[in-house]
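First the structure, in the form of structure tokens, and then the observations on it.
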Amino acid sequence: MSSFDENNKERLRSVSVDLNNDASLLIDIPDALCERDKVKFTVHTKTTLSSFQKPEFSVPRQHEDFIWLHDTLVETEDYAGLIIPPAPPKPDFESPREKMHKLGEGEATMTKEEYTKMKQELEAEYLAVFKKTVQVHEVFLQRLSSHPVLSKDRNFQIFLEYDQDLSVRRKNAKEMFGGFFKNMVKSADEVLIAGVKEVDDFFEQEKTFLLDYFSKIKEATAKAEKMTRSHKNIADDYIRLSATLNSLSAEESTNYYIIKFCLKLFQNFLRVCLKKVEGRVASDEELKLTELLRYYMRDIQAAKDLLYRRARALADYENSNKALDKARLKGKDVSQAEEHQKRCLQKFDTLSESGKKELTNFKARRVVAFRKNLVEMAELEVKHAKNNMTLLQGCIELLSGN
Amino acid sequence: MSKKTTENEGKSGTAKAAGPTFSKPTEPADIFTEEAAATTVPRTSNTVNSKANGVHSEEDLFTEATVELSLDSPRSSRKNEETSKPSASSSSSSLSAPARQAKPPPAALEELEDEEEAELEDKFDVLVSVKDPEKVGDGMNAYMAYKVSTETTLPMFRNKLFTVRRRFSDFLGLYEKLSEKHGPNGLIVPPPPEKSILGMTKVKVGKEDSSSADFVERRRGALERYLQRVVNHPLLLQDPDVREFLEKDELPRAVSTQTLSGAGFLKMINKATDAVSKMTIKMNESDAWFEEKLQEVESADQHFRKLHALVESLVVHRKELSLNTANFAKSAAMLGSAEDNTALSRALSQLAEVEDKIEQLHQDQAAYDTFSFAELIADYIRLLGAVRGSFDHRIKAWQRWQDAQAMLQKKRETEAKLLWANKPDKLQQAKDEIVEWEARVTQFERDFERVSATVRKEVLRFEVRCETLKIFKYQPAQYVFSIFVYFSPQLIKYWEAFLPEAKAIA
Numbered sequence: 001m002s003s004f005d006e007n008n009k010e011r012l013r014s015v016s017v018d019l020n021n022d023a024s025l026l027i028d029i030p031d032a033l034c035e036r037d038k039v040k041f042t043v044h045t046k047t048t049l050s051s052f053q054k055p056e057f058s059v060p061r062q063h064e065d066f067i068w069l070h071d072t073l074v075e076t077e078d079y080a081g082l083i084i085p086p087a088p089p090k091p092d093f094e095s096p097r098e099k100m101h102k103l104g105e106g107e108a109t110m111t112k113e114e115y116t117k118m119k120q121e122l123e124a125e126y127l128a129v130f131k132k133t134v135q136v137h138e139v140f141l142q143r144l145s146s147h148p149v150l151s152k153d154r155n156f157q158i159f160l161e162y163d164q165d166l167s168v169r170r171k172n173a174k175e176m177f178g179g180f181f182k183n184m185v186k187s188a189d190e191v192l193i194a195g196v197k198e199v200d201d202f203f204e205q206e207k208t209f210l211l212d213y214f215s216k217i218k219e220a221t222a223k224a225e226k227m228t229r230s231h232k233n234i235a236d237d238y239i240r241l242s243a244t245l246n247s248l249s250a251e252e253s254t255n256y257y258i259i260k261f262c263l264k265l266f267q268n269f270l271r272v273c274l275k276k277v278e279g280r281v282a283s284d285e286e287l288k289l290t291e292l293l294r295y296y297m298r299d300i301q302a303a304k305d306l307l308y309r310r311a312r313a314l315a316d317y318e319n320s321n322k323a324l325d326k327a328r329l330k331g332k333d334v335s336q337a338e339e340h341q342k343r344c345l346q347k348f349d350t351l352s353e354s355g356k357k358e359l360t361n362f363k364a365r366r367v368v369a370f371r372k373n374l375v376e377m378a379e380l381e382v383k384h385a386k387n388n389m390t391l392l393q394g395c396i397e398l399l400s401g402n
Numbered sequence: 001m002s003k004k005t006t007e008n009e010g011k012s013g014t015a016k017a018a019g020p021t022f023s024k025p026t027e028p029a030d031i032f033t034e035e036a037a038a039t040t041v042p043r044t045s046n047t048v049n050s051k052a053n054g055v056h057s058e059e060d061l062f063t064e065a066t067v068e069l070s071l072d073s074p075r076s077s078r079k080n081e082e083t084s085k086p087s088a089s090s091s092s093s094s095l096s097a098p099a100r101q102a103k104p105p106p107a108a109l110e111e112l113e114d115e116e117e118a119e120l121e122d123k124f125d126v127l128v129s130v131k132d133p134e135k136v137g138d139g140m141n142a143y144m145a146y147k148v149s150t151e152t153t154l155p156m157f158r159n160k161l162f163t164v165r166r167r168f169s170d171f172l173g174l175y176e177k178l179s180e181k182h183g184p185n186g187l188i189v190p191p192p193p194e195k196s197i198l199g200m201t202k203v204k205v206g207k208e209d210s211s212s213a214d215f216v217e218r219r220r221g222a223l224e225r226y227l228q229r230v231v232n233h234p235l236l237l238q239d240p241d242v243r244e245f246l247e248k249d250e251l252p253r254a255v256s257t258q259t260l261s262g263a264g265f266l267k268m269i270n271k272a273t274d275a276v277s278k279m280t281i282k283m284n285e286s287d288a289w290f291e292e293k294l295q296e297v298e299s300a301d302q303h304f305r306k307l308h309a310l311v312e313s314l315v316v317h318r319k320e321l322s323l324n325t326a327n328f329a330k331s332a333a334m335l336g337s338a339e340d341n342t343a344l345s346r347a348l349s350q351l352a353e354v355e356d357k358i359e360q361l362h363q364d365q366a367a368y369d370t371f372s373f374a375e376l377i378a379d380y381i382r383l384l385g386a387v388r389g390s391f392d393h394r395i396k397a398w399q400r401w402q403d404a405q406a407m408l409q410k411k412r413e414t415e416a417k418l419l420w421a422n423k424p425d426k427l428q429q430a431k432d433e434i435v436e437w438e439a440r441v442t443q444f445e446r447d448f449e450r451v452s453a454t455v456r457k458e459v460l461r462f463e464v465r466c467e468t469l470k471i472f473k474y475q476p477a478q479y480v481f482s483i484f485v486y487f488s489p490q491l492i493k494y495w496e497a498f499l500p501e502a503k504a505i506a
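Protein chains in written order, with UniProt numbering: chain A, 1 to 402; chain B, 1 to 506.
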């Protein structure tokens, strides 16, 4: 199945644009191994930076390592004013695995040809999930490498370079933070963000926009997923149909020679045209549209996290003000309270400043990515429909000419 | 021939098959109803086949198929009422030309004598249509009444064009009469669609949704094809019950259609199959042809049931796709309204519109899959059941003959016993009975041979006729054609219109 050649890989990267352009730090995932449920990614780095020991190197990494990296970045105070690129989702082989199960169950009722065909399709789907997960992990790293601040992170460097197993580090990290941030924050952020009194117009607008946009894009993602799943179902139906027609035409019924002839054609038509095209429409549409929506849904969540952190900083600042007033009243620990208040204000201001920059960049990045994907999707749809017509024309000539 | 082409060209814009450019059909709906689709495909195969006739037996069959097709379904007259008469006459006139060129396949040809061959080439002088389903009455006593119209040039009918109203049970009643009369002779009596309690209940209760509209349309189509098959059969057409069905204003209500409920019908077919399979083992088939044919029919039945299930699944999935696309379109519109970048916002609402239009395409294609694909397969499965039924009747005839032979044997034994026991008065009776049974044996043997010959002829007719060809030749071409002519170009149009909007995002 050639639909995932380099050309396509390029297109897949358009989910987030302008990545991996800086020659000083180039990262990619050239290959990956699938062992049972675990995927082992080979992370390959090429760099001109002196902070690295070698100019080019590769390390094996697991999905959990990526999550560790993401979490440490999130929990780093200094990055509170940045949008941390969303963590890549766990490789999900559920759908092909379910299919494999169904295939195993239905083996008795299918003809050998049907079975082989479905098995091939199943393998192709496994491959598609596989490639998708590689891509999404790759994009994560590339977002980091193209960020002026995050690319310099020490843990990022360790992730890229450390040639030993990271699982020891991962365990330590877990002990330190204990998933504290995650557990506490996620449920409360909406309320907190909404509840804080906003002083800055820009953030006020952003808040409203992001909250609304998030719910809408979440909805659109879910609906897009359903739509592409329906497309896949239809492609599967066509596969089964063509297999049945094939066994029907292969029957030893010489008196139905007409049937055989026509069925052969019909089955060819189904096999060649529709399956190829329908199957491809399903996967391209999914990649462009659904992946785009899914990715930006997570990105917007990351942006919301930024807003949350800023809101918390604001809340802290307001609390420190109150504490200062109290201290002044009581006449105790005033300098301490002043210090604390100054720090809180500083933190809040830094957050606001970098937050503003990040959010503006994010907006621009999002618009560009949407444009690229929508244009490419429309072009692909046209290309497929035209392809379909060419193939069908051949079929028609066959059917009417003979 | 030229007369037909020009006239049909006037009806819709499409003409040749091979050309890359297609003018958009005047009414999109034309493509999806069986009628218009029939008018497009025959023309294309006609123009190509006319060059290549008489060379290949397969081609000739297709020519004949083309002929059947243009006759069987173009109720294009339904759309343009005023052209109905000219279309019927032009169809029958253009029929005469290609019909003479048609030759049945060599295998079948050997089996047929000259008169029978002529019969195969007979012109179709009766066109029937079933339309305008109307709900009569309310609640659980409600029923659908269909308009049955007949167009004919045959003198045995009172008029050339006439219409009556019939309900579903009337069709079933006709089938029952025909199968009682002609089934035992080995005729393959075309079967009507099954009763459906669920389907009808929805309609009776007044559920005005797409599924009950679908059901009524499926039934209407099936009834029409059923009726056309009946009148296409030269023997059945002569049956006074058929004439009465088509002509008489009011029919007495058919009451004994209980056996023909969906489950009952299936049971009947299954019982026949069981009987046949049990008997074939015992029958000691002298003619391998029958055994082989039955095998073919049964395996075809198996495959087609599978096929039917798959196509129905395709229809369901396409309907789901349509629904999901509509939902996505809505959510994309919402997203567009939430988007603060104006160009992107506009592009997203455009995307929503495109997906909405595509949803309609999916709907149309689902309808198309249903009525042009799934339904024809269902028809074919029913017909295979009827073929098996005719085999069953042949075996019954054989059994009758065998039983008579056994009885004759018994009588002869009785006579021998009486001779030996020397009872002259009973002897005469025994002799009389022997004569009687000898006559019966001869009669039943002749019956069996007659039924066998009929079954054989009927099966050949079934194979060679449009029943087979329509589904297998016509269907793929039509399917491919519709996507070619309508679906794909529309998709291209929609996405090409969207492209500049997407590019305008900044």
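We put the CB at the ideal spot given by N, CA and C, even for glycine.
Can you list the residues of chain A that residue i reaches, using a CB-CB cut of under 7 Å?
i	result
S313(B)	D237
A502(B)	R371, L374, V375, A378
F290(B)	Here the premise fails: no neighbours, minimum Cβ distance about 13 Å.
Closer than 8 Å by beta-carbon distance: list the chain B residues that pair up with residue i, in chain order.
i	result
K226(A)	N324, N327, F328
T244(A)	H303, K306, L307, L310
D212(A)	A338
A108(A)	None at all; the shortest Cβ gap to chain B is about 14 Å.
Could you check whether the Cβ of residue i sits closer than 7 Å to any Cβ belonging to chain A?
i	result
R306(B)	Per the sequence presented here, residue 306(B) reads as Lys, with Arg not at that position. It does; some Cβ of chain A falls within 7 Å.
I505(B)	yes
E438(B)	no
I492(B)	yes
A332(B)	yes
Within the 7 Å Cβ cut-off, does residue i reach chain B?
i	result
S352(A)	no
S230(A)	yes
D37(A)	no
F202(A)	no
K304(A)	no
I300(A)	no
E219(A)	yes
K223(A)	yes
Among the residues of its own chain, which have a CB less than 7 Å from the CB of residue i, if the five just before and after it don't count?
i	result
I217(A)	L293, Y296, M297, I300
V459(B)	K293, V387
Under 9 Å between beta-carbons, which chain B residues line up against residue i? List them in chain order, please.
i	result
K342(A)	The contacting residues do not exist; K342(A) stays about 35 Å from chain B at best.
Can you give me the Cβ contacts of residue i inside the same chain, cut-off strictly under 6 Å, excluding the 5 residues immediately before and after it?
i	result
A347(B)	E501, A502, I505
A32(A)	V39, F41, V134
Y494(B)	V354, K357
H340(A)	S320
P133(B)	M144, Y146, V216, R220
A327(A)	D333, V334, A337
Run down chain A in chain order and give the residues with a C-beta less than 9 Å from the C-beta of residue i.
i	result
F484(B)	N388, M389, L392, Q393, C395, I396
A374(B)	Simply none; closest approach about 11 Å.
Which residue or residues does DSSP assign as beta-bridge partners of residue i?
i	result
F215(B)	For F215(B), which the question treats as bridged, DSSP gives no partner whatsoever.
L172(B)	Answer by DSSP bridge pairing: none, since L172(B) is not bridged.
M144(B)	K135(B)
I27(A)	T45(A)
So, under 8 Å CB-CB, residue i and residue j are touching, yes? Tell me the CB distance rounded to an integer number of Å.
i	j	result
A333(B)	S345(B)	10 Å between Cβ atoms; not a contact.
F52(A)	Q142(A)	That belief does not hold up - the Cβ atoms of F52(A) and Q142(A) are roughly 16 Å apart, past 8 Å.
Using a beta-carbon distance below 7 Å, is residue i in contact with chain C?
i	result
D241(B)	No chain C appears in this structure, whose protein chains are A and B.
How would you list, in chain order, the residues of chain A whose beta-carbon sits under 8 Å from the beta-carbon of residue i?
i	result
L499(B)	V375, A378, E379, V382
By the criterion of Cβ-Cβ separation under 7 Å, what are the contact partners of residue i in chain B?
i	result
F209(A)	D340
R240(A)	L310
K99(A)	Ordered by position in chain B, no residue passes the 7 Å Cβ test against K99(A), which lies about 15 Å from the chain.
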